[in-house]
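Visitor:
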Amino acid sequence: MTRARTLAAGGHLRDALSVLDLIRPTDAQKEDADRLRADIQRQLLALTATPMPASEPRENSGRVP
Numbered sequence: 010m011t012r013a014r015t016l017a018a019g020g021h022l023r024d025a026l027s028v029l030d031l032i033r034p035t036d037a038q039k040e041d042a043d044r045l046r047a048d049i050q051r052q053l054l055a056l057t058a059t060p061m062p063a064s065e066p067r068e069n070s071g072r073v074p
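Numbering-wise (our numbering), the sequence shown opens with residue 10 and increments by one.
(1) Helix or strand or just coil, what does DSSP make of Asp30?
(2) Determine the direct distance from the alpha carbon of Arg51 to that of Val28, and round the result to whole angstroms.
(3) How many Å lie between Asp30 and Arg46 at the Cα?
(4) So which of Gln38, Arg33, Pro34, Pro60 has the shortest CA-CA distance to Thr11?
(5) DSSP on Gln50, reduced to helix/strand/coil?
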């Protein structure tokens, strides 16, 4: 958990997720690992959820799509 938190804090989100994959379902820290995984996934989604710039209308080239 410490290694995963350190990686996440340093911006190495994918590496942190890889470390969290090593935590077994029977591990006492599984609940904390799941919370950290959810936080990291939210951060990754926030990075990809940026709005796309509006495109300019294309001229009609005379071709039918």
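Don't be surprised by glycine CBs; every beta carbon is placed ideally from N, CA and C.
Guide: Concretely, from the data shown:
(1) Residue state, collapsed to three classes: coil.
(2) Answer to the nearest angstrom: the Cα atoms are 17 angstroms apart.
(3) Spanning the alpha carbons of Asp30 and Arg46 requires a straight line of approximately 9 angstroms.
(4) Here the closest residue by C-alpha is Gln38.
(5) DSSP places Gln50 in helix when its eight states are reduced to three.
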